[in-house]
Each structure stands twice: as structure tokens, then as C-alpha cells.
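Okay, so the sequence shown: first residue is 443 according to my numbering, each after it adds one.
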Amino acid sequence: MENKTRNTILIVDDYMINREILKNIFEEQFSILEAENGEEAIEILKEKKDEIALMFLDLMMPVKSGIEVLQYMEDVHIDKMIPVIVITGEATDETDEKVYELGASDIIYKPFAPKVVMRRAKNIIELYEHRISLEEKLKQRTSELSESKKKIEKFNVFLIDALSSVAEFRSFDSSEHIERVKLFTRILMLHLRKLYPEYEISLEQIENIVSASALHDIGKMAIQDSILMKPGKLTKEEFEVMKTHTTLGCKILENFTQEENQFYKYCYDICRYHHERYDGGGYPEGLSGDDIPIWAQIVSIVDVFDSLVSKRVYKAPYASEEAARMINAGECGVFSPVVLDCFNMAKEQFFHVIKTGEFSFVDDARV
């Protein structure tokens, strides 16, 4: 694929010292191009756009600003071809929102840690390579597919794009967290299907809900590092910002809206409502009872359990049995009797996963 030949990083900053710092991080693995202002960056993009794997972009520069560079990339439709990491010393909600709207992949605030920059850059480059490769393969198949297969392809493109956004999360949760959330969601949904047939949940629906569960925290990509990775307890104000990840995630998903698509509904509901509680004590809307979609309720208890048993920068992990006790005692919010019933039927399977790290032993027959 064309994208695999890209091995150049463009560094755009009016301060030479900033360019040198980034250059020293990447010059052993990438060819480096430099620009002192936005106008120089645009000229390089015109000539070298097919070679650039990633661009680091300062916002405040003479001649043309970083915002103007992002606007140019959007206007000439290369914003989807070249990922951009904005480097800035000024963090404001208005600026952050603007650069994300214009297609930036990430924002890193000065001063930055070289290892963090390296990790994010490599992840984003790999993400774009993989996505473009998949898109090319899908394009090749389009002319060969019947109308029914084209509909399936459209669904798959949505899934790929949404999961690509997940890969850009700026938190440091391990990939195992997502895999456990998906597995635990499948376990509970299978118990729900068996114990409560009135919900009329099919196996196909379960698989879609399981896939959607991976996107429950997608909005955290828009939460600033100082809050997302804070090693201690959040202040009241910081917690209010953290809570917005539910609605921010929905804004991201709205870019992929598809009419009459049940999978999108599962993604949206889970992203928005997985912090709601059965007694109305959750957020963002304070929904209660069955106003909370059952798939969001299932992912909610799964997320709580896995967060309790996992190590975080702000806490040590709880034992599985203690985590289950806390959930049943209402120490983590109120869950519905139906969801708690399914959880208690499944908890030994959860304990087994945490103890052994085994992810693939659960199937419909065992439930």
C-alpha cells in the first residue's frame, strides 16, 4: 500500500529548540522535515504530502498559524491522510475543541515527556497505516459486492473508523481492560438472554453489544492529561470535567451516524449512559430504572468491576471477591435487580478470568 512508504515526520514550530527536541526523538527512525511557520508547512505539504507519516504542529506561529494549516489540510482533503499532533503550551477548552474539529489526532502540552511523545506518535502512525490499508481493501471489494454486501461493508467501515478512534485514547489503560470489558459483557448478556427471555435478546444482538462495549470510554481521548492521568483523587471541578467523557464520546460517534443502524445505537447508548445508575444517582442525565438501556446497564457493572480489580495510577487493585461484595453492597452505585442477578450468576466466571488471564473459554453452552 502507498501509505507503507511514508517514513517522514514534518515538524512545524517557529522555535528551533522545540524542533530540535522533536528531531532528536525521531531522527533515528524517520526522515525529518522542518518548517518555521504555517506557510512553509503548507508548501511542504503540497510537495511532500504522500511521504509524510505524521506532522507535529505548533499553534502560535508567524505568517500562518497552526489553525490555518489545519484548515488548509481540511480544505484540500488531506486531513484524513496525514495525522497531526498539535504541540502547544496553552491549554484552553476552546482551542482544544477547535483543533479536534479540524481533524487533529492528538494534543500534547509543553513541556512534554519524550517517551510519551514517542508512544503516541507510533500508535497514531500505525493507526493511520492500518486504517488506510483497510479502506483500500474495502474499496477494492466494493465493485464486486452485491447491494446486500455493500450494506454489510458500510457497517464494517463504521466499526473500523470507530475502533480507530478508540486507538487514539490518551489514557494509559491496558488493552486487557477493553478485552475484559468485552468478555464480561458477553458473559452477562448471555446470562440475561437465558434468565430474562422477555428482553428478547438474540445472539446477533449480543455480538453487536459486545463490540459496542469497547467504545464505552471513547470520550476520554478529549480529556486533558492533567486530569486523565492524575495520580491522586480528582477535585470536584476536575471530576466534573472527567464526567464529560460520556457526552464527548457521543459527539465523536455522531461523526459516524448511520440511519437505521442498530449497532450505532448500541455504541451511542453505552457511551452516553454507562455511568447512569438505577436509582438516578448517575450521570450525565440522571436517568433511572428502565429508562437506562439494558445494554448500557450491563456495560456499567462490567466497567465498575474491572476498574475495581485493576491497578490504576490512583489506586491499587481490589481482590475479585471484595469487588463483588462492594458492588452488591451498593458501594459503587445502585444497579438493577436484573443486572445484579446476572452479575452474581456470572461472578465465578469473572473471578476465573481475573485469576488466569484466560479470555476465550466462555461460550453460550457454558452459560
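For glycine and all other residues, C-beta sits at the position ideal for the given N, C-alpha and C. Bear in mind that the values here come from a model prediction, so they are computed numbers and not experimental data.
- Boundaries of the alpha helix (DSSP H) around Tyr542: 535-543.
- Non-local beta-carbon contacts of Leu475 in its own chain, meaning distances under 8 Å to residues more than five positions away in sequence, involve Thr450, Ile451, Leu452, Ile453, Ile486, Lys490, Ile494 in chain order.
- By the criterion of a C-beta distance shorter than 6 Å, Met515 is surrounded in its chain by Asp521, once the five residues flanking it on both sides are discounted.
- Annotation for Lys465: Ile453, Ile474, Glu476 place their beta carbon closer than 8 Å to its own, counting only its chain and skipping 5 residues before and after.
- Looking at Tyr457, Tyr710, Phe785, Ser742, the one whose alpha-carbon comes closest to that of Gly691 is Tyr710.
- By the C-beta density criterion, Val623 is buried, having at least 16 other C-beta atoms within 10 angstroms.
- For Ile629, the closest alpha carbon among the candidates Asn460, Gln791, His658 is that of Gln791.
- Between the alpha carbons of Ala546 and Asp538 lies a gap of roughly 9 Å.
- One thing to note: Thr627 has its Cβ no nearer than 7 Å to the Cβ of Ser644.
- Of Asn703, Asp745, Gln704, the smallest CA-CA separation from Tyr715 is found for Asp745.
- Assigned with DSSP and collapsed to three states, Tyr457 falls in coil, not helix or strand.
- By the 16-neighbour rule on beta-carbons within 10 angstroms, Val518 is exposed.
- With respect to the 7 Å criterion, Ala766 and Lys789 are classified as neighbours on the basis of their beta carbons.
- Asp548 places its beta carbon less than 7 Å from that of Arg562.
- With fewer than 16 neighbouring CB atoms inside 10 Å of its own CB, Ser668 falls in the exposed class.
- The beta carbon of Leu695 lies closer than 8 Å to those of Ala604, Leu657, Ile660, Tyr706, Cys709, Tyr710, Cys713 in the same chain, with the five residues before and after it left out.
- Per DSSP, the beta bridge partners of Ala477 are Val454.
- Judged by DSSP secondary structure, Asp517 falls outside any beta strand (DSSP E) and instead within the alpha helix (DSSP H) spanning 508-517.
- Note on Met458: under 16 other CB atoms within 10 angstroms of its CB, so exposed under the neighbour-count rule.
- Secondary structure of Val505 (DSSP, three-state): coil.
- A straight-line Cα-Cα distance of about 44 Å links Glu621 and Glu481.
- Listed in chain order, the non-local C-beta contacts of Gln704 below 7 Å within the same chain comprise Asn650, local neighbours out to five positions each way being set aside.
- Between Leu625 and Tyr720, the alpha-carbon positions lie close to 23 Å from each other.
- For the pair Ile524 and Arg573, the Cα-to-Cα distance works out to about 12 Å.
- Taking every protein chain shown into account, the CB of Gly799 has fewer than 16 other CB atoms within 10 angstroms, so this residue is exposed.
- Linking Gly775 to Glu727 through their CA atoms gives a straight-line distance of about 15 Å.
- Ile529: not part of any alpha helix (DSSP H); member of the beta strand (DSSP E) spanning 526-530, first to last residue.
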